[in-house]
Amino acid sequence: MKVLMKPIEMIAWFTKNKKPIPLRYRIVDENNMYRVIKVDRVLFVEEEKLAGNRMIVYRCESKINNLRRIYELKYEIDSCRWFLYKF
Amino acid sequence: MQNRIIFHIDVNSAYLSWEAVYRLQHGEKIDLRKIPSVVGGDERKRHGIVLAKSIPAKEYGIVTGESLYSARQKCPNLTIVPPNYERYLKASNSMLSLLNEYSPLIQRFSIDEVFMDCSHLEDNFLKIAYEIKERIKKELGFTVNIGISTNKLLAKMASDFKKPDKVHTLFPEEIEEKMWPLPVGKLFMIGVKTQKKLNNRGIYTIGQLAKLDREYIYAWLKKPGLLIWKYANGIENSEVKNTSYAVKSIGNSTTTSYDVDNKKEAYMFLLAISEMVGMRARDLNLSGRVVSVSLKDNDFFSYSHQKKLNTATNSTKTIYETSKKLFNEMWNKKPIRRFNITLSELSSNEFCQLSLLEDYDEKEEKLNRAIDKIRYKYGYNSIIRSCFLHSGIKPVIGGVMEEEYPMMSSII
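If you're matching them up, the sequences are chains A and B in order. Be aware that the first sequence starts at 1, since it is given in our numbering, and climbs by one per residue. Be aware that the second sequence starts at 1001, since it is given in our numbering, and climbs by one per residue.
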């Protein structure tokens, strides 16, 4: 997996007591086209607070072009932004 | 007081490490700590000095505080990044909350330095020190040096030994071996000037200073001399204070982005700084009797003037009027690059002596309070004096940021 850290648009599910769960996101691909990707499975969730900046890291799995791909998403708590972290 | 164990935790090139970690977290591929890089102010605003440097930058001979121009001459491919104080405060706070898990007695000495009383750890202290160091590295992503001793001064000296990412001890029995061979300028509280004075009399190491006769140093350098002599001998027994210090003075300053050569603009800068000084004094519920103004001209020559008032004040207007008077008394018409106003001899507002000769203006006090409230709620620029309109000068000047920011202190 390569570090990308690309900002993405996200639909997430904010639960009562667990961390927010990513459901589906939209990304601009290399042809400048929007692509919607559904998060099929969250494999694990981890919180990091590097330099005091809290982020939640999700390792996820999705079907992209008929291939099962594993990648990582990041949610930055202070700025409420989502990123495609590693792909 | 017997057998205390004090930790001094010092972040290695703090601003730079925090900046590097933040950037790595946001997907940057280059670790600033591994290349010659510095955190520096904005040169266009003439704040262009090195605030922090990476270890590779240090190898080029770049020192903290020098101008970015000269730093770039020493190392042409230097990477310069702007500072972000909010980020650094966040990083510092996260370290503090981690340390709080180990001891309730923590003194924040500055944004990147912390004293911690760990006497309760008894013989375990070395293990815990390594644990803390590793946890900070793993969880927060930056490295620290930890100095351990029986008092704050020695702990601080120890954390400065070899960097980065190290734990050092400096117990009284180790002073002779570890601290005395160091150059005298390394001792806490000894700056360039004192170092020169000491060097002139043949004192080059901390050991030489420590072995001087107490009466001799007192006769020569008076009380400060005694203090550094005590430090050189490892004598210091202040407590780790949880609370911050009693404020002794309130001052703000600004380096202007261009040289100021006329009274009108100079007055505006003074007013903008007075606003900040007054607001801070009122916020702390303090008043001061001495107002001092210092100026730095375009040849970097500084001069100052101060005035003792009849009654203590925290009114923006009084501070401004007094600084204006002081300014007129001393200004030699040379263009100015830096203004500073300091309010000292502070006393609490709880009881205040009114003057028979001067009017006590209750209305003005209320007005100041109302303005402060508005500014705290809606920002400093929510309500401004009309003279600042379209002037290009900020109506309230001073401070690195809006939140309380722990600055370096000379009192241990």
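For glycine and all other residues, C-beta sits at the position ideal for the given N, C-alpha and C.
Look at I1049 (chain B) and G1061 (chain B) and say whether their C-beta atoms are less than 8 Å apart.
-> The count along the second sequence starts at 1 and reaches residue 1049 (chain B) at position 49. The count along the second sequence starts at 1 and reaches residue 1061 (chain B) at position 61. In this structure, I1049 (chain B) sits away from G1061 (chain B), with a CB-CB distance that is not shorter than 8 Å.
Check the Cβ-Cβ distances between M55 (chain A) and every residue of chain B, and say whether any is below 8 Å.
-> Locating residue 55 (chain A) in the first sequence gives position 55, where the first residue counts as 1. Answer yes: the Cβ-Cβ gap between M55 (chain A) and chain B drops below 8 Å somewhere.
Is it buried or exposed for Q1073 (chain B), if we count other Cβ within 10 angstroms and need 16 for buried?
-> The residue given as residue 1073 (chain B) occupies position 73 in the second sequence. Exposed.
Per DSSP, what kind of secondary structure is Y1204 (chain B) in: helix, strand or coil?
-> By 1-based counting over the second sequence, the position of residue 1204 (chain B) is 204. In the structure shown, the three-state DSSP call for Y1204 (chain B) is coil.
Per DSSP, cross-strand counterpart(s) of R24 (chain A) | Position 24 of the first sequence, counting from 1, holds the residue named residue 24 (chain A). A:I11 and A:K38, per the DSSP bridge assignment.
Can you tell me the Cα-Cα spacing of R1338 (chain B) and Q1195 (chain B), whole angstroms?
-> Reading the second sequence from its first residue, position 338 is the one you call residue 1338 (chain B). Reading the second sequence from its first residue, position 195 is the one you call residue 1195 (chain B). Taking the straight line joining both Cα atoms gives about 27 Å.
Would you identify the three-state DSSP class for F1007 (chain B), choosing helix, strand or coil?
-> Counting from one through the second sequence, the residue named residue 1007 (chain B) turns up at place 7. Residue state, collapsed to three classes: strand.
Taking only beta-carbon positions, decide if Y1022 (chain B) is within less than 8 Å of chain A.
-> Locating residue 1022 (chain B) in the second sequence gives position 22, counting from the first residue. Chain A, which has a Cβ nearer than 8 Å to the Cβ of Y1022 (chain B), makes this yes.
Can you find a C-beta in chain B that's less than 8 Å from the C-beta of V3 (chain A)?
-> As a working note, residue 3 (chain A) is residue 3 in the first sequence. So yes, V3 (chain A) belongs to the interface.
Could you tell me whether the stretch 72-80 of chain A touches the stretch 1130-1146 of chain B, using the rule of 3 or more Cβ pairs below 8 Å?
-> Segments in contact, no.
List the DSSP bridge partners of W1018 (chain B).
-> Sequence index remark: in the second sequence, residue 1018 (chain B) carries index 18 (1-based). For W1018 (chain B), DSSP assigns no beta-bridge partner whatsoever.
When we look at the beta-carbon of K1152 (chain B) and count the other beta-carbons within 10 Å, is it buried (16 or more) or exposed?
-> Walking along the second sequence from the start, residue 1152 (chain B) turns up at place 152. Burial check for K1152 (chain B): the Cβ neighbour count within 10 Å reaches 16 or more, so the residue is buried.
Just checking, does the stretch 1229-1241 of chain B make contact with the stretch 1277-1295 of chain B on the three C-beta pairs under 8 Å criterion?
-> Pairwise C-beta distances place the stretch 1229-1241 of chain B out of contact with the stretch 1277-1295 of chain B, as fewer than three of them are shorter than 8 Å.
Minimum C-alpha distance to F1269 (chain B) - residue among B:S1110, B:Q1025, B:Y1320 and B:I1383 = Within the second sequence, residue 1269 (chain B) is the residue found at index 269, counting from 1. For F1269 (chain B), the nearest C-alpha among the options comes from B:Y1320.
Are the C-beta atoms of K49 (chain A) and some chain B residue less than 8 Å apart?
-> What you label residue 49 (chain A) is simply residue 49 of the first sequence in a count that begins at 1. Closer than 8 Å: yes.
Taking Cβ-Cβ distances below 8 Å as the criterion, which residues of the stretch 1127-1155 of chain B are in contact with chain A?
-> For the stretch 1127-1155 of chain B, which is checked against every Cβ of chain A, the residues closer than 8 Å are E1139, L1140, G1141 and F1142.
With distances taken between CB atoms, is the gap from S1304 (chain B) to E1364 (chain B) smaller than 8 Å?
-> Translated into positions along the second sequence, residue 1304 (chain B) becomes position 304. Translated into positions along the second sequence, residue 1364 (chain B) becomes position 364. Annotated as distal: S1304 (chain B) and E1364 (chain B), with beta-carbon spacing of 8 Å or more.
Any idea which residues DSSP pairs N1252 (chain B) with across the strands?
-> Locating residue 1252 (chain B) in the second sequence gives position 252, where the first residue counts as 1. Looking at the DSSP output, N1252 (chain B) shares a beta bridge with B:I1341.
Which residue spans inside the stretch 1272-1344 of chain B form an unbroken alpha helix (DSSP H) run of at least 4?
-> Taking 4 residues as the shortest admissible run, the stretch 1272-1344 of chain B contains the following complete alpha helix (DSSP H) segments, listed from N- to C-terminal end: 1316-1330.
For G1278 (chain B), decide whether its Cβ has a neighbour in chain A, counting only Cβ atoms nearer than 8 Å.
-> For the purposes of this step, residue 1278 (chain B) is taken as the residue at position 278 of the second sequence. So no, G1278 (chain B) is outside the interface.
Residue range of the alpha helix (DSSP H) that includes D1117 (chain B) | As a position in the second sequence, residue 1117 (chain B) is number 117, starting the count at 1. From DSSP, D1117 (chain B) is part of no alpha helix (DSSP H) but of the beta strand (DSSP E) over E1113 to D1117.
Can you name the residues of chain A whose CB is closer than 7 Å to the CB of K1334 (chain B)?
-> As a working note, residue 1334 (chain B) is residue 334 in the second sequence. Going along chain A, no residue has its Cβ under 7 Å from K1334 (chain B), so there is no contact; the nearest lies around 43 Å.
Min CB distance R1087 (chain B) to chain A below 8 Å = Residue mapping note: residue 1087 (chain B) aligns to position 87 of the second sequence, counting from 1. Cβ-Cβ to chain A under 8 Å: yes for R1087 (chain B).
Report yes if the C-beta distance between S1119 (chain B) and I1235 (chain B) is below 8 Å; otherwise report no.
-> On the second sequence, position 119 is the one that residue 1119 (chain B) refers to. On the second sequence, position 235 is the one that residue 1235 (chain B) refers to. Going by C-beta atoms, S1119 (chain B) is not nearer than 8 Å to I1235 (chain B).
For I11 (chain A), the nearest candidate out of A:K19, A:L23 and A:L4 (CA to CA) | Sequence index remark: in the first sequence, residue 11 (chain A) carries index 11 (1-based). Closest by C-alpha distance to I11 (chain A), out of A:K19, A:L23 and A:L4, is A:L23.
Just confirm the distance between the C-beta atoms of S1094 (chain B) and K49 (chain A), as a whole number of angstroms; I'd bet it's less than 8 Å.
-> The count along the second sequence starts at 1 and reaches residue 1094 (chain B) at position 94. The count along the first sequence starts at 1 and reaches residue 49 (chain A) at position 49. With 8 Å as the limit, S1094 (chain B) and K49 (chain A) qualify as a contact, their Cβ atoms being about 6 Å apart.
Beta strand (DSSP E) runs wholly inside the stretch 1018-1060 of chain B, at least 3 long, in chain order = Qualifying beta strand (DSSP E) stretches, in chain order: 1037-1040 and 1050-1053.
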